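Undergrad: Residue numbers (the working numbering), protein chains in the order written: chain A, 365 to 791; chain B, 20 to 785; chain C, 169 to 273.
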Amino acid sequence: MSLELGIFLVVAIVAIASAAFMLLTRNAVHSALFLVVNFACVAFFYLLLNAPFLAMIQITVYAGAIMVLFMFVIMLLGAEKLGSQPAHYRWLAPIGAILTGLFLVIALFVVVQGNVGLLKAAPPNPQLRVVHALPGSPTLDVYMNDTRALASVAYTGATPFGQVLPGDYVLALYPSCTQPAASPCADPIATKAKSVLSKRITLKENTTTTLVLLGDPKAPQFVAVPTDLSTLNDDNTFRLQAVNATPGLATVSLLNINPLKANSTDPNDNHGELPLLSNIAFGQVGTVNTPLPKGSYSLVWARDNDRLAPLSDFVAQGKTSELVILVQETTGSGVALPLTLRATPVPTQEAFGSPQAIGQSLLSTYLLPFELVSLLLLAAMVGAIILTREDVVRRVRRREIVTEGALRINRATSAATTPANPETSGD
Amino acid sequence: MENFASLVPLVIIFPLLGMLINIFFGKNMGERAVGYLATLAAGLAFGVALIMTIAIAGNGFEASVVNMPLIANWITIPGANVFIPWQLRVDTLSLTMMLVVTGVGTLIHIYAIGYMHGDSRFPRFFQYLNLFLMFMLILVTGNNFLVTFVGWEGVGLCSFLLIGFWFDKTRGEGWRNSNAARKAFIVNRVGDFGFLVAIFLTFWTFGTLDYYKPGEMPYHPELTANIQNVSFAQNGGIGTHGVFILADQWLQDGNRTVAIGPYTLPLTTVVTLITMFMLLGVTGKSAQIPLFVWLPDAMAGPTPVSALIHAATMVTAGIFLMVRSNVLFHAAPLTSMVVTVIGSGTAVAAGYIALGQWDIKKVLAYSTVSQLGFMVAAVGLGGYTAAMFHLVTHAFFKALLFLGSGSVIHGMEHGEHLAHAAHGEDNHAHAHEGEHAAEHAEPVFDAQDMRNMGGLRAKMPITFWTYLIGTLALSGIFPLAGFWSKDEIIGRALYAATTEGRLEGWFALLLLIIAAGFTAFYMWRQINLVFLGKSRTAAADHAVESNGFMTLPLIILAVLSVFGGLLNFPWSLPGIAAETMGKALEATVSYASSVPFNLVNLVLALLTLAVALGAIWLAHTIYGKQALAEGNLDQLERGATRGLFEIANGKLYFDEFYGALIEQPYNRAAAWLADKLDWQFWHDYVHNSVIVAGFNGMAAFLSGPFDKGFIDGGFMDIGKGIQWLGRQIKRIQTGYVRTYAFTVLIGVLLVLLLILLPLIRQVLQR
Amino acid sequence: MPQAPTIPVEYFVLLSAILFIMGVMGVLLRRNAIMIFMSIELMLNAANLALVAFARQWGQIGGQLIVFFVITVAAAEVAVGLALIVAIFRTKRTIDIDELHAMEG
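1. Determine the direct distance from the alpha carbon of C:I239 to that of A:G428, and round the result to whole angstroms.
2. Where does A:T601 fall in DSSP's three states?
3. Beta-carbon separation of B:I508 and B:G402 under 8 Å?
4. For a test of the three-state rule: what should DSSP assign to A:P711, helix, strand or coil?
5. With a cut-off of 8 Å, do at least 3 Cβ pairs link the region 590–609 of chain B to the region 568–580 of chain B?
6. Taking any Cβ of chain C, which residues in the region 731–744 of chain A have a Cβ under 7 Å from it, in chain order?
7. Based on the DSSP output, what are the partners of A:L690 in its beta bridges?
8. With 7 Å as the C-beta to C-beta threshold (strictly closer), list the residues of the region 507–525 of chain A near chain B in chain order.
9. Count the other CB atoms, across all protein chains shown, that sit within 10 Å of the CB of B:D736; report buried if there are 16 or more and exposed otherwise.
10. Pull up the DSSP beta-bridge partners for A:F586, would you.
11. Helix, strand or coil, according to DSSP, for B:M135 in the structure here?
12. Distance check for B:L721 and B:V770, CA to CA, integer angstroms please.
13. I'd like to know if A:M386 contacts chain C, where contact means its C-beta is closer than 8 Å to some C-beta of that chain.
14. Ends of the beta strand (DSSP E) at C:M271?
15. Identify, in the order they occur along the chain, each residue of the same chain with its Cβ nearer than 7 Å to the Cβ of A:Q422, setting aside the five sequence neighbours on each side.
16. Can you tell which of B:I129, B:L56, B:P104 and B:V119 has its C-alpha closest to the C-alpha of B:F568?
17. Could you check if A:P458 is buried or exposed, using at least 16 other CB atoms within 10 Å of its CB as the buried criterion?
18. Let me know if A:H496 comes out buried or exposed under the rule of 16 or more other beta-carbons within 10 Å of its beta-carbon.
19. Starting from A:H496, follow the beta strand (DSSP E) in both directions and report where the run begins and ends.
20. Just to confirm, are A:G650 and A:A606 a CB contact at a threshold of 8 Å?
21. Using a Cβ distance threshold of 8 Å, determine whether the region 178–189 of chain B contacts the region 115–126 of chain B, with at least three qualifying pairs required.
22. Please return the same chain residues whose Cβ sits closer than 6 Å to the Cβ of B:S554, not counting the five positions on each side in sequence.
23. Looking only at its chain, what residues have a beta carbon closer than 6 Å to the beta carbon of B:W503, apart from the 5 residues adjacent to it on each side?
24. Using 8 Å as the threshold, is the region 358–371 of chain B in touch with the region 477–489 of chain B, meaning 3 or more CB pairs across them?
25. Can you look up A:R775 in the DSSP assignment and give me helix, strand or coil?
26. Name, please, each residue of chain B whose Cβ falls closer than 9 Å to the Cβ of A:S465.
27. From B:M116 to B:A441, what does the alpha carbon distance come to, in whole angstroms?
28. Assuming A:A471 contacts A:I438 (C-beta within less than 8 Å), just tell me the rounded distance between them.
29. I need the straight-line Cα distance from C:A242 to B:L764, nearest angstrom please.
30. Locate the beta strand (DSSP E) running through A:R671, then write down its first and last residues.
31. What residue does the beta strand (DSSP E) around B:Q8 start on, and which one ends it?
32. Can you tell me which residues form a DSSP beta bridge with A:W665?
33. Starting from the beta carbon of B:L764, find every residue of chain C whose beta carbon is closer than 9 Å, and list them in chain order.
34. Where DSSP assigns a beta bridge to B:D316, which residues make up the other side?
35. Just checking, does the region 90–103 of chain B make contact with the region 47–66 of chain B on the three C-beta pairs under 8 Å criterion?
36. Kindly indicate if chain C contains any beta-carbon less than 8 Å away from that of B:N734.
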């Protein structure tokens, strides 16, 4: 029995006991206090269940606000205890106990037989994006299984991530249509136009893939970069990956230059150069194993002692996944010019149950219920204010709440049948 | 011709329209307008008939068949292959009848305007008259037995309606009138039954009721070739040929049999049966022995009715039918003999009865019966043309005589009225006496009793002279119409007796000559009683001539009676061919061969004329000096002839005979049935015991145990049950929140179990 | 992604069921309106607990959001409910719900 389970059992026992005391105590104030204990236990369970935000709300709203309200009312009315009138429906106690016992049996049955613990969510669909790192190639459309998918992507650009169902796909790239909308281009699929690149890929569940288009413009190719978007333990870090997309440049390394130590002569400092990734061959992906702290970096590619394509103002946000690509453009004069591309940073997933996660869902998927609940709360506030107004209570006491029309009908019928009886006619 | 023949539906439609207009607007149109309209309808029909006659005369008497508009396919049963179209036949025979019916009808319409003046139901009378014309024209124009039968029944209905037209007369006369109507109707039913059976047999035998199919020519014995040309390819000709062509062909083939039920009869036997049953119908409609008894009683109707229906047209329907069916009658010698015997017997018997009648119209009625007997005998003897000739001339002079008698009656009633008025004025001072006298039942003045008449010759000159012409024509005095037609019948009898060697020819010859004598005698007696001598009553003394409406038709009919003989004159005259009618009818009536006129006929004619003149002389000697003997007795009622007169006066006791034979047993049976079956069994037992008691019992049961107990109680119980249920369910509504919560808990558990049901099942199966 | 659960979800479900039926018992047996109210809150909490447990089990943030809403609705409910109780108390001078059965049929 792990420590966690032990704590759980203890707290569970406290919760049940407090609930029982709440039920059994004759004094309403005591009941309310026991209920607060119970709520606190539940809040603790929320913590155990990856719901820290809810746990906080439970404490503040429930155990705090609501229970205080209860206490107020109890105190206000002086209704801690009831008189000892003989209770009606004494049979309710045993039969209610039996039925609730039955309920418990059903719950047990479900828990034991229903395989509740084996229920799992379906794994998330694979996500895919295409990064265009092929110099000299036009804007491209992405077709999956002969269907236009994702967005058009221009050189140096990247499509956003798109969800697709898991399975095998033929991914093809065709030049985008640059004609005006009035005279659209022919459908490349229908005309069997030649694709820039066509490749068969397999997408598995719960994967996130960035396809980088790179290589010689005459022989382009895809490099599949698995992108890790899982929650970072530290919100102030980011992940970094690098791809070598220069066919002619053998293996390269990615260096981080510490500007403070760039001029240091200390050989240990090595000019402030810190290799992040090393020996990335053409078409290879390098991944920095540990997340880097967010902030400003000065990156540079190195081949042996050559320093290529420096990227000095690389500012990374926390909770992102970054991808840098080394490409080699050819200028008009035929000189090859190495260049570093930075793909659009992708935010990593928020932690499950975190306020951010809840906030994201609440303001996107659950916006309408959220608004409705807000309205309900507003109506309840107004209703509570009106209900507790003195004149309303007085009207209720005088039974004027019964409408005039109903009273008239009542009077007429009672006059027709029996002598008017003010005692009964008002009921 | 085709175009003119297609007008034939109009002769039916005109009277129909006249009737309908009079029905819907007659009440507001006034007498004159109603009368004129009805007359116009008849006159237009006559005009159409005339046009068609002229057309057919110029067309070689070619017959044509016209479909009645709208209802041509009135009886069509495709499954049973029964197709009896409503077709109208236009040929010389039907045209002859049409002319008579519409021509005489028009005159009688005019006459009726004057005669019915002031009647409370004047429009209805003319509606009936037009209706009658319509049905009569349907009868004569029909191209098959069924259409003819429709007309046959229709005229019977109109006859009934018109005989009983004055059913509301006071002092028992209304009863007598309506009884007469019923008598006519019931007696005619017997005859109609016969006709109906004949129709059924015809249809069974020949598979059709059409006389001739459209385009067929009647077969003529002289022209045997045309029957050979007829194609009998399919089905023995059924469906493509009419009854008469088939009958001719099949009879010529011989050995043809007809299966009727379990019997297979030779065709000749069947034809004899058909004609016999048809004869029964004829005796009913044309008032022959044994069914003639209704016609004299039918004189209860207004005199125009008697003239039109019961003298000129309807009663001749039987003759028309037999002439139409001459092929069948010719093929049934037995029937022909019976027809001859019945006809001549009726002629003599009715003529004898007429001798002893006091009622001016009864005399004419029996005369009509007698003359119809002549015609029937003529048919029986094969003298179809003679029968039709006599039919036409008889229509002229008998209508004339009836209208004349109506004029006399009218004058007598006026005279009675005037006499009464004068008498009343005389006695005005003696009011008490008058009242006293009124208390005594004054004997009912009978305006038709010839004993009350006499000396009307001076009072009603036009009536007298026309009546005299009618009398002479009827008596067969040369050269009036009756002479020629009657002589042709008698000549035919002689021809049958001698040339054809038929025994009944001698019988008929004898009886018909006797009947001719009777005719002349009773007619002259009537002239003596009515017009000659002195007035025997105040009414007769005050009688006045009728108005122009009534005298004009008399004059026209008198002219026709004089010259009617020209219709079938034996010799050709300038502008008139010999035997016009005979030639015309020969085109239609297959066996209408005329008898060649020779010296024997001349002798016979002179003999007949002598008999008639002798009878007139005899009558004049008996009645000439004094029409009535002492005590209002007939001259013959005294002495040796008293018995004979009484027999004639008693109408040969036919009514009594029928009374004893049929009416008494029938009445006794009816009384027994009424008493035993109706009162004792039906009323007392069935009604009181079974129905009333049963009904009461059932009602008591239904109201008591069923209604109160079951239904009421049931609903009360339902109500009580719902109340009880409500009280029970009310207990659920405790008002205690915790019980509600408990209910919710139970519901939650149930829903949970429901949701978990698959899991539970899965676990149990594991 | 949530971390691998160390405490099986069944335990939480079971605990939730126990707390829930205790709330039910409170509703059924207590006559004090405020006590019934608090029992209802207990039931809500039990349900919330189950929801959060399943949210972790499924890795779905929706479960937690529902809890969020439930808490909000509970707050509204408490506000109105307590106001009603106050009004009733002022009228009837008691909050014993057995005394309040004017809706009896």
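Glycine included, C-beta positions come from ideal geometry on N, C-alpha and C.
The model shown is predicted, which means the values in this text are computed figures rather than measured ones.
TA: So, to answer that:
1. By 1-based counting over the first sequence, the position of residue 428 of chain A is 64. By 1-based counting over the third sequence, the position of residue 239 of chain C is 71. A direct Cα-Cα distance of roughly 12 Å separates A:G428 from C:I239.
2. Numbered from its first residue, the first sequence carries residue 601 of chain A at position 237. DSSP places A:T601 in strand when its eight states are reduced to three.
3. Translated into the one-based positions of the second sequence, residue 508 of chain B becomes position 489. Translated into the one-based positions of the second sequence, residue 402 of chain B becomes position 383. Contact flag set, yes.
4. Your numbering for residue 711 of chain A matches position 347 in the first sequence. It is a strand residue.
5. They do not touch, by the three-pair rule.
6. From the region 731–744 of chain A, only P733, V737, L740, L741 and A744 have a Cβ closer than 7 Å to chain C.
7. In the first sequence, the residue the question calls residue 690 of chain A occupies position 326. Answer is A:N608 and A:T704, bridged to A:L690.
8. So the list is empty, because no residue satisfies the distance condition.
9. As a working note, residue 736 of chain B is residue 717 in the second sequence. By the neighbour-count definition (other C-beta atoms within 10 Å, threshold 16), B:D736 is an exposed residue.
10. Within the first sequence, the letter at position 222 stands for residue 586 of chain A. Its beta-bridge partners are A:L577.
11. Here residue 135 of chain B refers to the residue found at position 116 of the second sequence. Three-state DSSP puts B:M135 in coil, outside helix and strand.
12. Start at 1 with the first residue of the second sequence, and residue 770 of chain B comes out as number 751. Start at 1 with the first residue of the second sequence, and residue 721 of chain B comes out as number 702. Between B:V770 and B:L721, the C-alpha separation is close to 51 Å.
13. Here the question's residue 386 of chain A lines up with position 22 in the first sequence. Yes, A:M386 lies at the interface with chain C (some Cβ there is under 8 Å from its Cβ).
14. The sequence position of residue 271 of chain C within the third sequence is 103, counting from 1. In the DSSP assignment, C:M271 falls outside any beta strand (DSSP E), carrying neither H nor E.
15. Numbered from its first residue, the first sequence carries residue 422 of chain A at position 58. Within the same chain, A:Q422 has close Cβ partners F403, V406, A407 and Y410.
16. Numbered from its first residue, the second sequence carries residue 568 of chain B at position 549. Taking only the C-alpha atoms, the option nearest B:F568 is B:I129.
17. Taking the first residue of the first sequence as 1, we reach residue 458 of chain A at position 94. Using a 10 angstroms sphere on the CB of A:P458, the tally of other CB atoms stays under 16, which defines it as exposed.
18. Residue 496 of chain A sits at position 132 when you count from the first residue of the first sequence. The residue is buried, with at least 16 neighbouring Cβ atoms inside 10 Å.
19. As a first step, residue 496 of chain A must be located in the first sequence, where it is residue number 132. For A:H496, the enclosing beta strand (DSSP E) starts and ends at Q491 to H496.
20. Taking the first residue of the first sequence as position 1, residue 650 of chain A is located at position 286. Taking the first residue of the first sequence as position 1, residue 606 of chain A is located at position 242. In this structure, the beta-carbon distance from A:G650 to A:A606 falls below 8 Å.
21. Per the Cβ contact rule, the region 178–189 of chain B is not in contact with the region 115–126 of chain B (fewer than 3 Cβ pairs under 8 Å).
22. Position 535 of the second sequence, counted from the start, is the residue given in the question as residue 554 of chain B. Excluding residues within five positions, the ones whose Cβ falls inside 6 Å are G473, G474 and D560.
23. Here residue 503 of chain B refers to the residue found at position 484 when the second sequence is read from its first residue. Contacts found: G584.
24. The region 358–371 of chain B vs the region 477–489 of chain B: no contact.
25. The residue you call residue 775 of chain A lines up with position 411 of the first sequence. Secondary structure of A:R775 (DSSP, three-state): helix.
26. Indexing the first sequence from 1 puts residue 465 of chain A at position 101. It should be pointed out that residue 465 of chain A corresponds to Gly in this sequence rather than to Ser. The premise fails here: A:G465 is roughly 11 Å from chain B at the closest Cβ pair, so nothing lies under 9 Å.
27. Indexing the second sequence from 1 puts residue 116 of chain B at position 97. Indexing the second sequence from 1 puts residue 441 of chain B at position 422. About 48 Å.
28. Here residue 471 of chain A is taken as the residue at index 107 of the first sequence, counted from 1. Here residue 438 of chain A is taken as the residue at index 74 of the first sequence, counted from 1. A:A471 to A:I438, Cβ: 31 Å. No contact.
29. Here residue 242 of chain C corresponds to residue number 74 of the third sequence, with the count starting at 1. Here residue 764 of chain B corresponds to residue number 745 of the second sequence, with the count starting at 1. Near 20 Å, if we compare the C-alpha coordinates of B:L764 and C:A242.
30. Translated into the one-based positions of the first sequence, residue 671 of chain A becomes position 307. Here the beta strand (DSSP E) through A:R671 covers D670 to A680.
31. In the structure displayed, chain B extends from 20 to 785; residue 8 of chain B sits before or after that span and is not available.
32. Taking the first sequence and counting its residues from 1, one reaches residue 665 of chain A at position 301. As DSSP reads the structure, A:W665 sits in a beta bridge with A:L618 and A:L672.
33. Your numbering for residue 764 of chain B matches position 745 in the second sequence. Per Cβ cutoff of 9 Å: V192, V195 and L196.
34. Within the second sequence, the letter at position 297 stands for residue 316 of chain B. Checking the DSSP bridge columns, you'll see B:D316 has no partner listed.
35. Judged by Cβ distances under 8 Å, the region 90–103 of chain B makes no contact with the region 47–66 of chain B, as fewer than three pairs qualify.
36. The residue given as residue 734 of chain B occupies position 715 in the second sequence. Per the sequence shown, the amino acid found at residue 734 of chain B is Phe instead of Asn. False, the Cβ-Cβ gap to chain C never drops below 8 Å.
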